[in-house]
Amino acid sequence: MTVTYSSKVANATFFGFHRLLFKWRGSIYKLLYREFIVFAVLYTAISLVYRLLLTGAQKRYFEKLSIYCDRYAEQIPVTFVLGFYVTLVVNRWWNQFVNLPWPDRLMFLISSSVHGSDEHGRMLRRTLMRYVNLMSLLIFRSVSTAVYKRFPTMDHVVEAGFITADERKLFDHLKSPHLKYWVPFIWFGNLATKARNEGRIRDSVDLQSLMTEMNRYRSWCSLLFGYDWVGIPLVYTQVVTLAVYTFFFACLIGRQFLDPTKGYPGHDLDLYIPIFTLLQFFFYAGWLKVAEQLINPFGEDDDDFETNWCIDRNLQVSLLAVDEMHMSLPKMKKDIYWD
Amino acid sequence: MTVTYSSKVANATFFGFHRLLFKWRGSIYKLLYREFIVFAVLYTAISLVYRLLLTGAQKRYFEKLSIYCDRYAEQIPVTFVLGFYVTLVVNRWWNQFVNLPWPDRLMFLISSSVHGSDEHGRMLRRTLMRYVNLMSLLIFRSVSTAVYKRFPTMDHVVEAGFITADERKLFDHLKSPHLKYWVPFIWFGNLATKARNEGRIRDSVDLQSLMTEMNRYRSWCSLLFGYDWVGIPLVYTQVVTLAVYTFFFACLIGRQFLDPTKGYPGHDLDLYIPIFTLLQFFFYAGWLKVAEQLINPFGEDDDDFETNWCIDRNLQVSLLAVDEMHMSLPKMKKDIYWD
Amino acid sequence: MTVTYSSKVANATFFGFHRLLFKWRGSIYKLLYREFIVFAVLYTAISLVYRLLLTGAQKRYFEKLSIYCDRYAEQIPVTFVLGFYVTLVVNRWWNQFVNLPWPDRLMFLISSSVHGSDEHGRMLRRTLMRYVNLMSLLIFRSVSTAVYKRFPTMDHVVEAGFITADERKLFDHLKSPHLKYWVPFIWFGNLATKARNEGRIRDSVDLQSLMTEMNRYRSWCSLLFGYDWVGIPLVYTQVVTLAVYTFFFACLIGRQFLDPTKGYPGHDLDLYIPIFTLLQFFFYAGWLKVAEQLINPFGEDDDDFETNWCIDRNLQVSLLAVDEMHMSLPKMKKDIYWD
Amino acid sequence: MTVTYSSKVANATFFGFHRLLFKWRGSIYKLLYREFIVFAVLYTAISLVYRLLLTGAQKRYFEKLSIYCDRYAEQIPVTFVLGFYVTLVVNRWWNQFVNLPWPDRLMFLISSSVHGSDEHGRMLRRTLMRYVNLMSLLIFRSVSTAVYKRFPTMDHVVEAGFITADERKLFDHLKSPHLKYWVPFIWFGNLATKARNEGRIRDSVDLQSLMTEMNRYRSWCSLLFGYDWVGIPLVYTQVVTLAVYTFFFACLIGRQFLDPTKGYPGHDLDLYIPIFTLLQFFFYAGWLKVAEQLINPFGEDDDDFETNWCIDRNLQVSLLAVDEMHMSLPKMKKDIYWD
Amino acid sequence: MTVTYSSKVANATFFGFHRLLFKWRGSIYKLLYREFIVFAVLYTAISLVYRLLLTGAQKRYFEKLSIYCDRYAEQIPVTFVLGFYVTLVVNRWWNQFVNLPWPDRLMFLISSSVHGSDEHGRMLRRTLMRYVNLMSLLIFRSVSTAVYKRFPTMDHVVEAGFITADERKLFDHLKSPHLKYWVPFIWFGNLATKARNEGRIRDSVDLQSLMTEMNRYRSWCSLLFGYDWVGIPLVYTQVVTLAVYTFFFACLIGRQFLDPTKGYPGHDLDLYIPIFTLLQFFFYAGWLKVAEQLINPFGEDDDDFETNWCIDRNLQVSLLAVDEMHMSLPKMKKDIYWD
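For the record, the sequence lines run as chains R, Y, Z, D and V.
Sequential numbering of the first sequence, starting at 19, is according to my numbering.
Sequential numbering of the second sequence, starting at 19, is according to my numbering.
Sequential numbering of the third sequence, starting at 19, is according to my numbering.
Sequential numbering of the fourth sequence, starting at 19, is according to my numbering.
Sequential numbering of the fifth sequence, starting at 19, is according to my numbering.
Right, dumping it as structure tokens:
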């Protein structure tokens, strides 16, 4: 489920963001504590080896190695690589969000353009609406692990009422080596045309308005599919990951506190706990985690889109809108500002 | 209320921006003075402890610690992290602004496409317009703390005349576990269709023009809702906040003036007041404040959108446009350039 | 007036941009020479004080201060802050340019869709066109200081022929505590509908085509208004300005040539004129000037949009197009490639 | 074929991205191992020459050269140039993906708007659909080496059934010195108009809906063509390539381990294997490889778009949709939520 | 003419981009060799003066100056300024490309919506199409030096057959102090309306479809004009140019090889040829050349848009499409996948 904190930051107040630092759900701590422990343990282990096990000559060698590692750790352009990469990931993530298919525009048009309060009219509107929901469900099954878990087979889709047994038979019957998520889309067009022929949809203007909207809906669906299918090139993700991991590997050795009595520059002090290195771990690993969390927003992370909730909401709301609410209107009265 | 200063910078003049430095409302000083005082007090406290309380050996230790902190403070990539983050926040903020729902396009179409100057015609137009305003009000109540304070319950919405008692009953009556801000939207469609059936809207072309526009309005509303619901991932905000706070923490110790007689490099001078560190505090903390202020532009900051004003303006103007101004036209005369 | 130099850089030639360095109008020199003089004078003053007035001990203190300032001047992230900020400003500036309201699309539709070459037909088209121009004029008066100077009161608007005396009376008559720039917009709708009822506009398809276009025009107008109303948050501008000013303040002291005989590192040479610091002043202050000039492109800078020219051009051209040119066509002849 | 790994990163887990480091297909290792070997061999060769062949004086000279190279290697702004360049390439790549022409929107409209289940009706729909597919095929032949290999001549296009022999004759017959990919597009318009005249398309609203969609399809096609025709300016690509290559050339000499006994700063340690330089090679060369792979996504890289697959899918699916599925509808039944 | 190299980089291969380094047309070498020679000559001259002409004391002074210059050369933020600036230029360049006016969408609609194979019908379509081409030609004359050279006067436009003598007379006759590129646009509207009145265009739906498309075409034209009229502010270009030129000026002195025997840090080696400085010249000057080449893509650079070619192609193709191809259709046959 998405972690919403906007109400917490409505106003810029005294150290306004500090309170965000004490959240757990969706927080950097929850995401990173395991990696942090690993890093801390490794750092400590190396530190203990250096302090307790090594002989004098080995210590000198290790000290040289540490200084060498430290120097190169600073050369790794982690900040930049991460900055450009995360910007890319965040843009993709947000585009996926704004292209989530919502049936509201269609239910608005279907409710008002497909006429008839009799059973046939109701069934028409409900069926059109169901096709809309079915198409997005088929897409969500492809892109979202959470939805796939809930609907592992088409039987589950039948059971959930998104497709009837007859429809499923026809669906399975269609011969195509390719994905068939577009089938309900064609059914929608055919059914709408039939409704137009029967006079349930008044004229071509109303019909094309529906068709245009449905095409827009399909584009949302296929764009989601596209984002899933063609991700950020693997090489880019590997480059970034390698950069960050290498940086931390270099830090494990290069940020050890060396014997202050040896007078290495910048090593006058032995604090035992490398507070700034640990903080740097939080920055960089946290930044990478932002990417990890957003690169596929259809998983089950705290911050992923609640796709299953969307599916339920969309079906419930859209059937309500096109059936129970069809031509239902409150009695029109003068408002309080009348004259 | 938004702080508008564009007229102050219309022309690029001699040290053009300097006059902006002396504003208080919405200024960096107003936003930061409390944090600045805390920072200055802490800095002074540490300085006094170092100068007056510590013994010689403790001083030497503190000096080493200070140098260590200073070195790492410079390694924290505050500039970059802030640059990328603030760019993201500013883009989101501006997108929210351009997606604020304004009923002007709809009132234009309703005024000209829904005919009839009799009471029924007037009521039709006013009611359609009210539904439009009601929908955005419901959204604003969700996203804006200021609006929520003004309309804490639906009773306040009824009182303010956005919804009649009858409508509210019907609204409450609808069974849905989900938010119902879309209900006025469906009502709008139903009422427009009714008007079309009664001949108040001439044909499907006029009707679909209205419907399309209403769909656009709904998309604005739902996009605002989306921005509120799915914010910048908490982790990203935490990473940035941690980076800035850590930087200042490191500065508190690392930017102390050390005893010049000890000859630490870069510590030849004891100015008592760390003027550049204080200025840096203003830059970085100010930059972060930009983010804090813009991350939720529906609060009550000096620079937040004046949502309550919008709501009032929209209702007043749109009722005026569709009722009093309906088909009211100045007498057509030849303009002064005629022939 | 906009400074156009694109024809000067049509081809990439030998040191292609160097000729741009010798322009005066709209140039960095014209914008910056005053600040540059102030900076140079202050630098010289400090330099003279240091060289001539200070005693030996004072000189030593000043030298330490200078080194201290120099070190911190380098820490101020001017480049970054400016880079991100100017990118933001430039994007806003360009968006304002592409959203300038041009009536060409509307005059094209009005000329071809509103029929009748008699006086009533001509008056219809001219009046519609006038409303279009009036609306943008009202907006320009709000956002542009240049236009406001030309039309300080509505009387000037009447005089210039954008609104007739009758229209103005009706305009003033409307009760609204809010801006009324949208009034001509509603008039346009009403008049177009009237023309449709009279058969001057053939059908709803033609009418809605006009209405859609008018809505687009209104959106341009309101977007301009939005850019003026909700600027870049004051805090951001202040942060950037502070950073740049502080940087130069630090340079005034930190970039002084210190006595070479004292052997301070990097101070082996006394050139008297700090050529690179002066150049840096040009870069950074020039970059900031870019922002100053573009942050409100409706002022009277050399590079601001020529709003008053636009207003004149739009009225002249649009009346010409919908009146004199209405249904005027050259005799159709075979072109030279016929068969 | 595109390398899809989004399901692998659905959830942010413990060291979530590390598993991506062990993929081969589409990976940085597969792309870079040859360059890496060359780099390692050259490095080793130089190292051996330095250690074994050079005389004492030559060694001293080489050491100076190495330090000189190292110093300048750090001055080359590889990170920045790559960051800006790769961002540009990635944006172009993604825009090409979202502008791939998919016939789904058109098949939806054709299936529902072009009536008649008789042979003539079927042929009409199939032919329209074929023209759509033919146009994108002609474009793909121009931009994609993979498609060109599959369809080296128009004969192959005839054989594959995208164009009939008659059509091809007419196509070849047209006199134009320019590319003729737009011909099927005009045929489409002519055929649709004919269908409208015959009453197979009901009215102008349906027809224009089709035409608009076809125009959109054409724009996708021509945009793809544009991306291929006008690439990132060669100079930019050369600048970036030169920067990266120079950097590595400088590293070959500058990152050699120099004799520790000579006491050059930063050369206290002889590790034989320059682990961090090799890692840097991976970062920077990998980053450049991202650009190389994406700059033309229509080749045969692991991560390129599967254009040939698209062509097959589009033909199969679109003929299925407009013919077999035309007006075929599952029997309408009450859904499980009915009342 | 545009330099297309995308087919050369279709696949990411072994040192994939290296082959781009050996191109001449449109290459960095062709663009930069003159500046490079100047730079090299100046560098050599200074070097010779230093080595041969200066006395000992002068040498010492020059050495100090050189070190001073070198230190400041590194402070000039060339990378950043260039990165931000070039990104801006590249975006503008690409937007100009995608907004080049292509008449294909219009010719598609005209061919199918303007009926009649008789001479009058043909003339109608050809004339409409000519107006379209004429409008873009008028714009291209304003923005492109290449086109202006080809059509220096309106006589050349008449000769080339874009406008007839009669039309030109009417065109010249129109009184307006402003540019008149929009005149063919109004003629188009008038002629289309006349065709509608004569029944050559069937109904308002077809007509408005044409009008909308023509409006889109006009927007492309005016956007191109806008890009030419309102360029990147001169100040910004000057700031960038100054930064780069200053940097190279500082390098001329600061990157000289100083006498190694004097022991200046980083000056242990005299290589005579400053290989890395020359490479840096290529990077930075090349990067600036990217901007120079793209800032006005309508010149005659190797990489500029081939506007004259476009004009010819558009006229030839569009007349072909609306005349010869009007309602010409291949005989419809069953495709090879039929049943």
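Glycine is no exception: its CB is placed at the ideal position from the N, C-alpha and C atoms.
All values reported here derive from a predicted model rather than from experimental measurement.
Mind the definition here: the stretch 116 to 130 of chain V touches the stretch 323 to 335 of chain V only if three or more C-beta pairs lie below 8 Å; say whether that holds. yes
Note down, in chain order, every chain V residue with its Cβ under 7 Å from the Cβ of Ile-46 of chain Z. Looking up residue 46 of chain Z in the third sequence gives position 28. Simply Val-253, Gln-256, Val-257.
Let me know the secondary structure DSSP gives Ile-55 of chain V once reduced to three states. The sequence position of residue 55 of chain V within the fifth sequence is 37, counting from 1. In the structure shown, Ile-55 of chain V adopts helical secondary structure according to DSSP, grouped into three states.
If you follow the alpha helix (DSSP H) that Tyr-254 of chain R is in, where does it begin and where does it stop? Here residue 254 of chain R refers to the residue found at position 236 of the first sequence. Taken as a continuous stretch (DSSP letters only), the alpha helix (DSSP H) holding Tyr-254 of chain R covers 252 to 272.
Going along chain Y in order, which residues have a C-beta closer than 8 Å to the C-beta of Gly-244 of chain Z? Sequence index remark: in the third sequence, residue 244 of chain Z carries index 226 (1-based). Going along chain Y in sequence order, the residues near Gly-244 of chain Z (Cβ under 8 Å) are Phe-115, Val-116.
Using a C-beta to C-beta distance shorter than 8 Å, which residues of chain R count as neighbours of His-196 of chain Y? Sequence index remark: in the second sequence, residue 196 of chain Y carries index 178 (1-based). Those within 8 Å of His-196 of chain Y in chain R are Arg-331, Gln-334, Val-335.
Residue range of the unbroken alpha helix (DSSP H) whose run includes Ala-183 of chain R: Position 165 of the first sequence, counting from 1, holds the residue named residue 183 of chain R. 183 to 191 is the extent of the alpha helix (DSSP H) around Ala-183 of chain R.
What number of angstroms, rounded off, separates the C-alpha of Leu-71 of chain Z from the C-alpha of Tyr-103 of chain Y? Locating residue 71 of chain Z in the third sequence gives position 53, counting from the first residue. Locating residue 103 of chain Y in the second sequence gives position 85, counting from the first residue. Cα to Cα, Leu-71 of chain Z sits roughly 49 Å from Tyr-103 of chain Y.
Buried or exposed by the 16-neighbour rule on C-beta atoms within 10 Å, applied to Lys-349 of chain D: Position 331 of the fourth sequence, counted from the first residue, corresponds to residue 349 of chain D. Lys-349 of chain D comes out exposed.
Using the DSSP secondary-structure output, state which residues sit across from Ile-219 of chain D in a beta bridge. As a working mapping, residue 219 of chain D is identified with position 201 in the fourth sequence. For Ile-219 of chain D, which the question treats as bridged, DSSP gives the partners D:Val-132.
Report the rounded CA-to-CA distance for Ala-178 of chain R versus Asn-208 of chain Z, giving the unit in angstroms. In the first sequence, residue 178 of chain R corresponds to position 160, counting from 1. In the third sequence, residue 208 of chain Z corresponds to position 190, counting from 1. Between Ala-178 of chain R and Asn-208 of chain Z, the C-alpha separation is close to 51 Å.
If you measure from the CB of Ala-268 of chain V, is any heavy atom of the ligand ADP nearer than 7 Å? Absence of the ligand ADP from the depicted structure is noted, as is the absence of any ligand whatsoever, leaving it without description.
Residues in the stretch 196 to 210 of chain Y with C-beta within 7 Å of chain R's C-beta atoms, listed in sequence order? His-196, Trp-200, Phe-203, Ile-204, Trp-205, Gly-207, Asn-208, Leu-209, Ala-210
Going along chain D in order, which residues have a C-beta closer than 9 Å to the C-beta of Lys-212 of chain V? As a working mapping, residue 212 of chain V is identified with position 194 in the fifth sequence. Under the 9 Å cutoff, chain D gives no residues; its nearest Cβ is about 19 Å from Lys-212 of chain V.
May I ask which residues mark the beginning and end of the alpha helix (DSSP H) holding His-196 of chain Y? Within the second sequence, residue 196 of chain Y is the residue found at index 178, counting from 1. Note, His-196 of chain Y: premise wrong, no alpha helix (DSSP H); not H, not E.
Indicate the three-state DSSP secondary structure (helix, strand or coil) for Asn-314 of chain Y in the structure shown. As a working note, residue 314 of chain Y is residue 296 in the second sequence. Coil.
With a threshold of 16 other CB atoms inside 10 Å of the CB of Ile-291 of chain R, please say whether the residue is buried or exposed. Numbered from its first residue, the first sequence carries residue 291 of chain R at position 273. Exposed: under 16 other Cβ atoms inside 10 Å.
Contacts that Lys-351 of chain D makes with chain R (C-beta to C-beta distance below 7 Å): Residue numbering aside, residue 351 of chain D sits at position 333 when the fourth sequence is read from its first letter. Simply Thr-182, Asp-184.
For chain Y, is any of its Cβ atoms less than 8 Å away from the one on Lys-82 of chain Z? What you label residue 82 of chain Z is simply residue 64 of the third sequence in a count that begins at 1. Closer than 8 Å: yes.
Three-way DSSP call (helix, strand, coil) for Trp-120 of chain R in this model: Start at 1 with the first residue of the first sequence, and residue 120 of chain R comes out as number 102. The answer is coil: DSSP assigns Trp-120 of chain R none of H, G, I, E or B.
Run down chain D in chain order and give the residues with a C-beta less than 9 Å from the C-beta of Tyr-90 of chain R. Here the question's residue 90 of chain R lines up with position 72 in the first sequence. Within chain D, the residues near Tyr-90 of chain R are Ile-293, Phe-294, Thr-295, Leu-297, Gln-298.
Asp-88 of chain D, enclosing alpha helix (DSSP H) - first and last residue: Residue numbering aside, residue 88 of chain D sits at position 70 when the fourth sequence is read from its first letter. Residue range 74 to 91 is occupied by the alpha helix (DSSP H) that includes Asp-88 of chain D.
Under a Cβ-count criterion, where at least 16 other Cβ atoms within 10 Å of its own Cβ denotes burial, should Thr-279 of chain Y be classed as buried or exposed? Taking the second sequence and counting its residues from 1, the one referred to as residue 279 of chain Y is at position 261. With fewer than 16 Cβ atoms within 10 Å of its Cβ, Thr-279 of chain Y is classed as exposed.
What are the boundary residues of the alpha helix (DSSP H) that Ser-162 of chain D is part of? Here residue 162 of chain D corresponds to residue number 144 of the fourth sequence, with the count starting at 1. No alpha helix (DSSP H) holds Ser-162 of chain D; DSSP gives it neither H nor E.
In its own chain, which residues sit with a C-beta less than 8 Å from the C-beta of Arg-37 of chain Z, not counting the 5 before and 5 after it? Position 19 of the third sequence, counting from 1, holds the residue named residue 37 of chain Z. The residues Lys-26, in chain order, have a CB closer than 8 Å to that of Arg-37 of chain Z in the same chain once the five nearest residues on each side in sequence are set aside.
Does the count of Cβ pairs from the stretch 258 to 267 of chain R and the stretch 226 to 235 of chain R closer than 8 Å reach three? Because the criterion of three Cβ pairs below 8 Å is not met, the stretch 258 to 267 of chain R and the stretch 226 to 235 of chain R do not touch.
Could you tell me which chain Y residues have their CB closer than 7 Å to the CB of Asp-224 of chain R, listed as they occur along the chain? Looking up residue 224 of chain R in the first sequence gives position 206. Within chain Y, the residues near Asp-224 of chain R are Ser-222, Gln-226.
Run down chain Y in chain order and give the residues with a C-beta less than 7 Å from the C-beta of Ile-354 of chain R. Here residue 354 of chain R is taken as the residue at index 336 of the first sequence, counted from 1. Under the 7 Å cutoff, chain Y gives Gly-179.
Can the beta-carbon of Phe-98 of chain D be found less than 8 Å from the beta-carbon of Val-150 of chain D? Stepping through the fourth sequence from its first residue, residue 98 of chain D is reached at position 80. Stepping through the fourth sequence from its first residue, residue 150 of chain D is reached at position 132. Contact flag unset, no.
Which of helix, strand or coil does DSSP assign to Met-343 of chain Z? The count along the third sequence starts at 1 and reaches residue 343 of chain Z at position 325. Met-343 of chain Z: coil per DSSP, three-state reduction.
Per DSSP, what kind of secondary structure is Trp-305 of chain V in: helix, strand or coil? Stepping through the fifth sequence from its first residue, residue 305 of chain V is reached at position 287. The answer is helix: DSSP assigns Trp-305 of chain V an H, G or I state.
Looking only at C-alpha atoms, which of R:Ser-346, R:Leu-337, R:Glu-324 sits nearest to Tyr-355 of chain D? Taking the first residue of the fourth sequence as 1, we reach residue 355 of chain D at position 337. Comparing Cα-Cα distances from Tyr-355 of chain D to each of R:Ser-346, R:Leu-337, R:Glu-324, the minimum goes to R:Leu-337.
Below-8 Å beta-carbon distance, Thr-325 of chain D vs any chain R residue: In the fourth sequence, the residue the question calls residue 325 of chain D occupies position 307. Judged by the 8 Å Cβ criterion, Thr-325 of chain D is not in contact with chain R.
Using only the alpha-carbon positions, how far apart do Ile-219 of chain Z and Val-132 of chain Y sit? Translated into positions along the third sequence, residue 219 of chain Z becomes position 201. Translated into positions along the second sequence, residue 132 of chain Y becomes position 114. Cα-Cα distance, rounded: 17 Å.
Going by alpha carbons, who is nearest to Phe-5 of chain R out of R:Tyr-61, R:Gln-114, R:Ile-271? What is shown of chain R runs 19 to 357, which leaves residue 5 of chain R out entirely.
What residue range is occupied by the uninterrupted alpha helix (DSSP H) comprising Ser-336 of chain D? If you number the fourth sequence from 1, residue 336 of chain D lands on position 318. Element bounds for Ser-336 of chain D: 325 to 337.
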